[in-house]
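Quick notes on the structure that follows.
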Amino acid sequence: YVFAKNLFEAGHLGALEWAIYQDWHTFLLQELAERVALHGFLYLQAAPEKCLERLRRRGRPEEKGVQLDYLQQLHAQHESWLVERTTEVHFAGLRDASVLVLDVNRDFEHDAAVRDVLMAKVGGAGAPCQGFLPGAAGMSA
1 YVFAKNLFEA GHLGALEWAI YQDWHTFLLQ ELAERVALHG FLYLQAAPEK CLERLRRRGR
61 PEEKGVQLDY LQQLHAQHES WLVERTTEVH FAGLRDASVL VLDVNRDFEH DAAVRDVLMA
121 KVGGAGAPCQ GFLPGAAGMS A
């Protein structure tokens with residue numbers, strides 16, 4: 001949702017396209033609500049500069065043109081939605097969902113200690129998530 005919202009706010013979607021997107025988004029969420037149980041979100045929070053660094057290191061051809069300003073826009077959209085809870089969401093399942101914010105700025109790929117801390121916070125091996133509370137905005141880990 002926030003990717004499309006960002007496109008609209010950046011002027012890449014017109015008002016009619018955005019309205020159609022929102023209608024379809026709402027319709028699909030309502031139709032699928034009973035079949036898809038939403039327990040919450042894990043927000044892997046990283047600075048846009050860190051995301052760009054990782055993106056460049058991956059070297060995927062399809063990501064070559066991604067610029068820092070775009071990542072900053074997406075970061076702001078996710079912060080508004082998942083941390084500040086200021087994004088207008090019309091579907092209660094999304095609006096009231098729990099959020100566990102994980103700071104992934106540190107190198108969890110190569111640092112086992114950092115990875116272990118993150119895994120413990122999400123419960124690892126099927127254990128309940130620590131700090132993953134219903135409707136809790138901005139639970140940081």
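Residue 64 in the UniProt record's numbering sits at position 64 of the sequence shown, and the numbers go up by one each step.
Glycine included, C-beta positions come from ideal geometry on N, C-alpha and C.
Per DSSP, the bridge partner or partners of residue i
i	result
Asp103	Gln45
Backbone CA spacing between residue i and residue j [nearest angstrom]
i	j	result
Phe91	Ala15	20 Å
Val122	Lys50	22 Å
Val104	Leu7	25 Å
Gly93	Leu44	20 Å
Trp81	Glu63	24 Å
Arg85	Ala112	32 Å
His110	Leu32	38 Å
Asp116	Asp107	12 Å
Leu71	Phe41	20 Å
Leu118	Val99	14 Å
His78	Val2	7 Å
Ala10	Val83	21 Å
Gly138	Pro61	Any answer about Gly138 is weak, because its pLDDT of 43 lies below 50 and its placement is not dependable; what the coordinates show is given next. Between Gly138 and Pro61, the C-alpha separation is close to 34 Å.
Arg95	Val114	30 Å
Ala97	Arg58	32 Å
Ala19	Leu38	24 Å
Asp23	His75	24 Å
His25	Ala120	33 Å
Same chain only: Cβ atoms within 6 Å of residue i, ignoring 5 sequence neighbours per side
i	result
Glu17	none
Thr87	Ser80 and Trp81
Tyr21	Ala4
Spatial neighbours of residue i in its chain, beta-carbon cut-off 7 Å, leaving aside the 5 residues before and after
i	result
Leu55	Glu63 and Val66
Residue i beta carbon near the ligand NAD (any heavy atom closer than 7 Å)
i	result
Lys121	This structure lacks the ligand NAD; in fact it carries no ligand of any kind.
Which of helix, strand or coil DSSP assigns to residue i
i	result
Val36	coil
Arg95	helix
Ala10	coil
Lys64	coil
Thr86	coil
Leu118	helix
His25	helix
Tyr1	coil
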